[in-house]
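Residue numbers (my numbering), protein chains in the order written: chain A, 1 to 330; chain B, 1 to 408. Cβ atoms here follow ideal geometry from the backbone N, Cα and C, with glycine treated the same way. None of the values given here were measured: they were computed from a predicted structure. One structure below.
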């Protein structure tokens, strides 16, 4: 009973923390992107102000919309994104719901949030939102293949090399670096998988060059065109959390190192240090995989993005899989 | 078979600078049909001009458009000067050519930024906005204004090039030589930009001729037409301008958005060269034939005849026709044909076999200036017919609508 209460408290605190962090990182992302474009950019707390403003605005439901789907979709999307963090180990702390879910569940939660957004777009009864929702579905189907290959290969690696723990559980990867168990060939394979995962991030987060379902200059913010007020605020939370979740996932899978043990920290200090260190790593990864990517490139067309994921990125991830397998056989 | 549905791009759209509507029939993402409906910002400027004398109309013509304001002024003035055989001093012609080229720089840089924005390349868009400031600063140094300069007048120009302005212009040329390379890189090196623009919105050379495309749109289709080359005006005969066509650089003209981007970027380099040569060869002398405006107006009042002014505006041929009647102080009639009017006809052709994602880019690719274009007579697009509504009919229709509105 006490364990459940503890988990409830820890989970609630973590959820609040990740929402605040996601918005802080979003603010930083906007400033860094602006500086790269020779602009000043908004204040760091601008996303919070936007959120507050949206929460105070009227929530308009279009006449042609399907109200329950239209209103429900943003909540499902935001809730499923926030749940992801309950399964991600943060530093040396085990995930809050670690024993109840694993990498596969996280992939499904990410997928669920995308599907919820598409449902909201279809339910809003706007032809432009319809186009946006179609694009979201196509994009999801495209990046799922490389994502699945990356997840499966990593789990197989963990299983075959005898990394301690359940191969699909993220704690396994957080406890032991995946780079430390591979040989030279496997190292190249892991690098391929890392690049494939990095390239999946823009599609998953809906940021440039894969901001196709929400393309502003083409389909006027696409599937969120009809959203306003509280519902739009939920989508803002979803977008911010997606970038944070994907960055956190990359950190857990590929960069679990911490200088904590070298600093001879022990007990509670080690946990606290690892906890902060984890978010620093997430921030660095997010700057590289989200901010840099979205600032440096223009937008793909949907069939180009689909081709990119299904042929190039999937090819890269399969090459990573083959190299990793070769490493295991040798 | 997929369900067909219709999506409007415009009249107000994030990707468009001015109000125009394109109704696109879509099958999935593919465009199968397009109807372009202009008419959102018709202002009746030509009618307003009939109550004004030519000096007043100069400032009216400047407000036809925000970007190519000076091109409209020069086209109008050339028409007036043609109608009344009014002389222009050589130094004034050089200054006019200089400001026309500065305006071309302004227009093309702005366009390059907006085109990048249309494909979601926001960094290049912001860079374009930064670069554009420089030429606006130079125009401000020359005339005190950044958008509508008020530089030209009948028989000359109003502001001379002082040494300070000359220095600002030279600095600007140096600045652009160093900084504009980024846009050239966007054209030639960036893979996503190339994937978005190559073979999109194709207009073949035959179609460009048949549908009367002008300016960079026609040149991108491989047609060597540049009024600065074919029929030089002002000081352009001294510079031997050559039309820029993509086949000279890439061996073949595709006539797509990529080529239009390329042509405009190369024209920026060309304009920089022309600006440099104007500054080198600026002759001494008067900048205006007659300073006293009353005397100018008296001369124009005596003139009788129709004048034609055709110049190469940043977007293509800008044609103004002016009729002056002896004894009448005001402009008797005035007709403007802005380049967008000729280019917009090609839109439905460019939309063929393209996708919804390309639509704003295609609309922007001809650098449309809707407020330049919208000065036609009333046409009835709803019934497909075309008729001119007389003033009495229009008045009756307006009254009827007012009555209808009041009943609600």
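- [ ] Give the straight-line distance between the Cα atoms of residue 308 of chain A and residue 134 of chain A, rounded to the nearest whole angstrom.
- [x] 18 Å
- [ ] Can you grab the Cα-Cα spacing for the pair residue 149 of chain A / residue 220 of chain B, in whole Å?
- [x] 45 Å
Task: Minimum Cβ-Cβ distance from residue 360 of chain B to chain A less than 7 Å - done: Chain A, which has a Cβ nearer than 7 Å to the Cβ of residue 360 of chain B, makes this yes.
Task: Residues near residue 78 of chain A in its chain [Cβ-Cβ closer than 8 Å; skip 5 each side] - done: Counting only Cβ-Cβ distances below 8 Å, and skipping sequence neighbours, we find 113, 234, 235, 237, 238 and 241.
- [ ] Answer yes or no: does any C-beta atom of chain A fall closer than 7 Å to that of residue 72 of chain B?
- [x] no
TODO: Could you check what DSSP says for residue 26 of chain B in three-state terms: helix, strand or coil?
DONE: strand
Open item on the list: Counting only beta-carbon separations shorter than 7 Å, does residue 216 of chain A have a partner in chain B?
Closed with: yes
- [ ] Kindly indicate the opening and closing residues of the beta strand (DSSP E) around residue 91 of chain A.
- [x] Counting along the chain, residue 91 of chain A falls outside any beta strand (DSSP E), and DSSP gives it neither H nor E.
Task: residue 260 of chain B to residue 119 of chain B span [Cα, whole Å] - done: Cα to Cα, residue 260 of chain B sits roughly 15 Å from residue 119 of chain B.
Open item on the list: As a quick exercise: from B/59, B/78 and B/28, pick the residue whose alpha carbon is nearest that of residue 310 of chain B.
Closed with: B/78
Open item on the list: Once DSSP output is grouped into helix, strand and coil, what is the label at residue 335 of chain B?
Closed with: Assignment of residue 335 of chain B by DSSP, reduced to helix, strand and coil, places it in the strand class.
Task: Interface partners of residue 356 of chain B on chain A, CB under 8 Å - done: Result: 131, 218 and 219.
- [ ] Establish whether the CB of residue 12 of chain B and some CB of chain A are separated by less than 7 Å.
- [x] no
- [ ] Identify the contact partners of residue 78 of chain B in chain A, using a Cβ-Cβ distance below 7 Å as the criterion.
- [x] In chain order: nothing, as chain A lies at least about 37 Å away.
TODO: Report back the beta-carbon spacing between residue 339 of chain B and residue 317 of chain B to the nearest angstrom; my notes put them in contact at under 8 Å.
DONE: 6 Å
- [ ] Would you please verify whether the beta carbon of residue 298 of chain A is less than 7 Å from any beta carbon of chain B?
- [x] yes
Open item on the list: Just to confirm before moving on: does the CB-CB distance between residue 327 of chain A and residue 186 of chain A stay below 7 Å?
Closed with: yes
TODO: Please determine if the segment 170-185 of chain A and the segment 78-97 of chain B are in contact, where contact requires at least 3 C-beta pairs separated by less than 8 Å.
DONE: No contact exists between the segment 170-185 of chain A and the segment 78-97 of chain B.
- [ ] Give the range of the beta strand (DSSP E) segment to which residue 143 of chain A is assigned.
- [x] Per DSSP, residue 143 of chain A belongs to no beta strand (DSSP E); it is in the alpha helix (DSSP H), 127-160.
Open item on the list: Please give the ranges of any beta strand (DSSP E) in the segment 179-224 of chain B, keeping only runs that are unbroken, at least 3 residues long and fully inside the region.
Closed with: Counting only runs of 3 or more, we get nothing.
Task: Whether residue 317 of chain A touches residue 146 of chain A by CB criterion (7 Å) - done: yes
- [ ] Return the chain-ordered ranges of every beta strand (DSSP E) run that is complete within the segment 212-258 of chain A and spans a minimum of 3 residues.
- [x] none
Task: Own chain residues within Cβ distance below 6 Å of residue 41 of chain A, not counting five before or after - done: For residue 41 of chain A, where only same-chain residues beyond five positions count, the Cβ hits under 6 Å are 30, 31 and 34.
TODO: Identify whether residue 381 of chain B lies in helix, strand or coil by the three-state DSSP scheme.
DONE: Its pLDDT being 46, under 50, residue 381 of chain B is placed unreliably in this model, and the value from its coordinates should be taken loosely. Coil, per DSSP.
Open item on the list: Quick test of the definition: if touching needs 3 or more C-beta pairs under 8 Å, does the segment 284-291 of chain B touch the segment 314-329 of chain B?
Closed with: No, the segment 284-291 of chain B does not touch the segment 314-329 of chain B.
Open item on the list: Please classify residue 343 of chain B as buried or exposed, where buried requires at least 16 neighbouring CB atoms within 10 angstroms.
Closed with: Residue 343 of chain B counts as buried, since no fewer than 16 other beta carbons sit within 10 angstroms of its beta carbon.
Task: Any C-beta of chain B under 7 Å from that of residue 46 of chain A - done: no
- [ ] Just list the alpha helix (DSSP H) runs in the segment 259-286 of chain A, keeping only unbroken ones of 4 residues or longer that don't cross its boundaries, in chain order.
- [x] 267-286
- [ ] Would you mind telling me which residues of chain A sit closer than 7 Å to residue 15 of chain B, beta carbon to beta carbon, in chain order?
- [x] 217 and 218
- [ ] Whole angstroms is fine: what's the gap from residue 361 of chain B's alpha carbon to residue 324 of chain A's?
- [x] 43 Å
Task: Beta-ladder partner(s) of residue 31 of chain B, from DSSP - done: Its beta-bridge partners are B/26.
- [ ] May I have the straight-line CA-CA distance separating residue 319 of chain A from residue 196 of chain A, to the nearest angstrom?
- [x] 10 Å
Task: chain A contacts made by the segment 182-204 of chain B, where a contact means CB separation under 8 Å - done: 190, 192, 193, 195 and 196
TODO: Specify the secondary structure class of residue 152 of chain B as computed by DSSP and reduced to three states.
DONE: strand
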